[in-house]
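Asker: Position one of the sequence shown corresponds to residue 1 (this note's numbering), numbered consecutively onward.
Where is the CB? At the ideal position from N, CA and C, for every residue including glycine.
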Amino acid sequence: MRTILVFLFTLLSSIAVAQNGSIKGTLIDAKNATTLVGVNVIIKGANKSTISDGEGKFVITGLAPGTYEVEFSMIGYLPKQVSEVVINANEVTNLDVTLEEQKNTLEEVVITKTRAKAESVKSLLTQQKNNASVSDGISAETIKKTPDRTTSDVLKRISGASVQDNKFVVIRGLNDRYNVAFLNGAPLPSSESDRKAFSFDIFPSNLLDNLVITKTATPDLPSDFAGGVVQINTKSVPDRNFQTLSIGSGFNTITTFQEQRTYQGSGTDWLGYDNGVRAFPSTLPSTEVFNVLTFQEKAELAKTFEYDWGIQSQKFAPNYNFQYSIGRSIKLGEKTLGMIFSVSNTKTNNFNDVERFDYDNPDPTSTLLVSSFKDNNYTQQVLTAGLANVSFKFNENHTVFFKNIYSINSTDLVVERRGQRDVNDTRFLLADVRWFTSNKIYSGQLGGDHTFQNKKIKLSWNAFLSDIQRSIPNLRRNIYSIADPNSSDPTQNSPRAEIAFNNGGPDYGGGMFFSETNEDIKGGKLDLSKKFNLGKDLINEVKIGGMYQTRARDFFARQMQYNALTLGGSFDSSLLSLPNEQIFNVANMGVISPGVNGFTIADFTKFTDAYTAGSDLKAAYVMFDNRYKFIRFVWGVRFEEYTQRINARLTELDFLALEDVQDKLLPSANLILSLSSKQNLRFSYSKTLNRPEFRELAPFGFYDFTNQFFTQGNPDLKPGEITNFDIRYEFYPGKNQLLSVSYFRKNFINPIEIQQQVNNKTITYVNANAAVNSGIELEFRAMLSSLLNFPGLPFLEDITVFSNLAVINSEVDISNLNTANIDTKRPLQGQSPYVVNAGIQYLNNDNGWSVSTNLNRTGNRIAFTESEVRPAIWEKGRTFIDMQISKTIKKKMEIKLNIQNLLAQDLIFYQNNYKNSVRYGTLETLANQIFTGDYHYQDGFNAKEDDVIWRTRFGQSFSLTFTYNF
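Here it is, written out as structure tokens:
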């Protein structure tokens, strides 16, 4: 009972304190940006004080609302007094402060005086300027001032990053397979089944502590990247007690309230998973047992496949989003218990119409149209996510945390396809698919940060576990054909189902595909650093660490298909005229009447439709950080032992047992020259890797109904190796402004690409010989008041303009590949020749208004490389313009209007025929040469000469969200 009373008293006390405000910050050495331990912090007039902890951080709570002066002092440094520090009720004021070293202890000490706003800006500048590697990031303090809702929204604000489909990140124009993502120091699994990528829209932005993209390697970073490392850190101890509710709705101009074609799903689809309605029957035996059954037994089994194949019409409902978050910080003497919980649910509806074409290439100079289809795609995407973070701060030097996130995301797709498989034939095809995919992802980390001030040692540890379950419970496709739509003969102009007779495959209807992927990643990492000085000017830090990670995957698929039953009687062909909702009824299975048969079920599962895979990663590193006056040198080496395994059955007698062991020594070095207090010159060198994913190695093949490609793995893939060089000049004029110019070069060995095969509509993964990417990156971020000197217009201080331009020259050596390309060199698959990000933001915390506009454009790039008989398929670049308008009311409520994809440009994939029939003007020719290196721009889309493979139409999206802070 006494314990309960103490807890209640503590809880009530914490609530009472919450009526006051708090202040927190970091103390930084103005010369070298190292954090300062043991700085005395005194709130004048409030009888409150503290000392900065092992990371240079301080927190003081229980301050009555008002304006204060804060004094900072430490032996060996000039004391500083910061005025105009505003404390608001129930809020945390952030104040980062720089201290100057006291050079002559015999002179009279003069207290430096400054204002809070100026000091915070100066500290941010100092931290940016002194990053060890080429990186860009955004802090919780900055995120709080933006209307961003998800992590993918935040990524759009980071230099050099582009976001595709509002969830996948592209860095320096490289496709997403060259990036790696970490959550709280633990590797994030791929959220996609057939690509090496992560969907960043599953994390709410208000739970982020910071987000950093690192573009150059250091020994303490993972090696498996070439574009960048995306590091996401969620909050541990909340700054204050908070409770937030967010509700929103939205519409799409070509989707909402328009016709939606759908089918009978499960009662839990709104949460993102199927409750078993789509699962295959429990009575279905294994493929081995099924194949020895009699035709009568198979026909009886067909009666247990009770699915509703009907497709109905309704209206698309508006999109919606919901999020509830709560955080508590409870003081227990010197100790602090922090808890953050969040739950969210989002549903997004989309309609797209797609034109699809296929061509024959009888010779390199001509193409012939073979097929033409029109698809209507009806999509429902659901995201349900929960986050639970608990941390315990023993004192300023020791903290442990337990962070968890669980997400379920699903896509429910209905496609109705109409067209001709052969444009020279009168036969007209009507095909449809019902495709539900669900991903369940859990990621948890148990870790701690410990600082031993006397020995200047810092220890960080992290144990992590991720679990991924991906399922396609029942992908159903059916096909009808009309012999001649223009005929007056009912037998010729009526749809008839294309059902196989003792056969199967994507050319026939009645197909069902089931798959399950179960994967887990577990391991741990340890980092230990120690600071020491050699003399007065040589400041050093040595850091060592290690990591162990094991990963295991179990995949299986099952492919079933209805067939006409021809044994023991004759098939009733009149069944082929029945519509979707009737054709596969139980009454039409097996023997219908004496001598008359209906449908049976066949199993077309292949030996390669199942595999197991695993990997083990053991890593160790040593890193040195040496600072001498204006020179900083961060260097070291990372060793990785990586073992990758794939096991699969190829035929009845042949098995694949792949085990690849790789030992790699990976050096890196970063040299930073501080030319002045506002300028840096950086040089960087590193070696990194790009390892193949399990799916890319596995012999499993999958037919994608939407793009009509059959994707096949390649067990002979080798890991790619990348040597990276960077030079970057940085100028920080102040007020969070930046101007930088970078040159980078990446030399690839064995780059992994997606290549078309000779077999019609088959793609796989291959290694090219080598590739070279080199480019220039320009970035600036400035306040409009700095560009336009109008002192009488103070609102210009609230407007920020920013831009990032990367121009990349890419060349890959494909002399080892059999292709239709006459040249042996071309751009790297997935690499854009340029990436442009630009935007303007108005943000005024006093009146609560925020308005931002962002533009993003990525140049044309190869989606699938050429085969021996087919040219490459390119993706045409598109321009995206997004807008956000938000209004904060009394610091309690926020109303936000989002407008996405304002231009709604078509997504076009085309077959490049490399004809120079387009004549450009002088300025266009110059732009082509600068941005693509080709004044003719042969890689561009020529509407007259190039062949459109598919064209997808999109609408603009509008959403309105209300957020209330309790």
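Leaving out five residues on either side along the sequence, give the residues of the same chain with a beta carbon under 7 Å from the beta carbon of Gln549.
Answerer: So the list reads Pro187, Ile521, Gly523, Leu617, once near-sequence residues are dropped.
Asker: Is it right to say Lys890 is buried, meaning 16 or more other beta carbons lie within 10 angstroms of its own, or is it exposed?
Answerer: It is exposed - the Cβ of Lys890 has fewer than 16 other Cβ atoms within 10 Å.
Asker: To the nearest angstrom, report how far apart Gly997 and Val835 are at their CA atoms.
Answerer: This structure cannot speak to residue 997, because the chain is shown only from 1 to 966.
Asker: Going by CA-CA distance only, name the one from Thr961, Val289, Glu100, Ala64 that's closest to Thr93.
Answerer: Ala64
Asker: My guess is that Arg558 and Thr605 are in contact by the Cβ rule of under 8 Å, so how many angstroms apart are they, rounded?
Answerer: Correct: roughly 5 Å between the Cβ atoms.
Asker: Asp663 to Phe639, Cα distance in whole Å?
Answerer: 7 Å
Asker: For Ile28 and Val354, what's the separation of their Cα atoms in angstroms?
Answerer: 56 Å
Asker: Could you name the residues of the same chain whose beta carbon sits closer than 6 Å to that of Phe966, not counting the 5 residues immediately before and after it, in chain order?
Answerer: Contacts found: Gln243.
Asker: Which value, in whole angstroms, describes the spacing of the CA atoms of Val343 and Phe295?
Answerer: 51 Å
Asker: Going by alpha carbons, who is nearest to Lys374 out of Leu387, Ile592, Asp358, Pro692?
Answerer: Comparing Cα-Cα distances from Lys374 to each of Leu387, Ile592, Asp358, Pro692, the minimum goes to Asp358.
Asker: Check for me: the alpha helix (DSSP H) holding Lys298 runs from which residue to which?
Answerer: Segment 295 to 302, the alpha helix (DSSP H) holding Lys298.
Asker: Is Phe322 closer than 9 Å to Gly267 when the C-beta atoms are compared?
Answerer: no
Asker: Starting from Leu332, follow its DSSP beta bridges and name the residues at the other end.
Answerer: Paired residues: Lys335.
Asker: Have a look at Ser471 and Thr762 and give me their C-alpha separation to the nearest angstrom.
Answerer: 23 Å
Asker: Taking only beta-carbon atoms, is Ile405 less than 9 Å away from chain D?
Answerer: No chain D appears in the structure shown, which is made up of a single protein chain.
Asker: In the structure shown, what three-state DSSP assignment does Lys455 receive?
Answerer: helix
Asker: Inspect the beta-carbon positions of Tyr307 and Pro506 and report whether they are closer than 9 Å.
Answerer: no
Asker: Distance, Cα to Cα, Ala669 vs Thr34?
Answerer: 19 Å
Asker: I need the DSSP call for Leu106, collapsed to helix, strand or coil.
Answerer: At Leu106 the pLDDT is 49, less than 50, meaning the model places this residue with poor confidence; the figure from the coordinates comes in the next sentence. Note: Leu106 maps to coil in three-state DSSP.
Asker: Suppose you measure from the CA of Thr858 to the CA of Asp882; what does that come to, to the nearest Å?
Answerer: Approximately 15 Å, taken between the alpha carbons.
Asker: Using only alpha-carbon positions, find the residue among Gly720, Ile330, Asn580, Glu875 that is nearest to Arg240.
Answerer: Ile330
Asker: Run through DSSP, which three-state label would Asp798 get?
Answerer: helix
Asker: Flag this pair as touching only if the segment 950 to 957 and the segment 896 to 904 have three or more C-beta atom pairs under 8 Å; answer yes or no.
Answerer: yes
Asker: Helix, strand or coil: which one does DSSP assign to Glu866?
Answerer: Judged by DSSP in its simplified three-state form, Glu866 adopts coil rather than helix or strand.
Asker: Check for me: the alpha helix (DSSP H) holding Ser786 runs from which residue to which?
Answerer: 784 to 787
Asker: Please classify Leu538: is it buried, with 16 or more other beta-carbons within 10 angstroms of its beta-carbon, or exposed?
Answerer: exposed
Asker: Let me know the secondary structure DSSP gives Glu581 once reduced to three states.
Answerer: helix
Asker: Between Leu106 and Leu78, what straight-line distance do the alpha-carbon atoms span, to the nearest angstrom?
Answerer: Because Leu106 carries a pLDDT of 49, less than 50, the predicted location of this residue cannot be relied on, and no value is offered for it.
Asker: By a C-beta neighbour count over all protein chains shown, 10 Å radius and 16 as the cutoff for buried, is Tyr178 buried or exposed?
Answerer: buried
Asker: Can you grab the Cα-Cα spacing for the pair Ala620 / Asn854, in whole Å?
Answerer: 41 Å
Asker: Who are the near neighbours of Asp224 in its chain, counting only those whose CB is closer than 8 Å to its CB and skipping five residues on each side?
Answerer: The residues are Val180, Thr688, Leu689, Asn690, Arg691.
Asker: Please check the pair Lys315 and Phe257, which I expect to be a contact at CB under 8 Å, by giving their CB distance rounded to whole angstroms.
Answerer: 5 Å
Asker: Between the alpha carbons of Val289 and Phe607, how many angstroms are there, rounded?
Answerer: 14 Å
Asker: Mapping the DSSP letters down to three states, classify Tyr178 as helix, strand or coil.
Answerer: helix
Asker: Who are the near neighbours of Val622 in its chain, counting only those whose CB is closer than 6 Å to its CB and skipping five residues on each side?
Answerer: Beyond the five residues adjoining it in sequence on each side, Val622 comes within less than 6 Å, by CB distance, of Ile544, Gly636 in the same chain, given in chain order.
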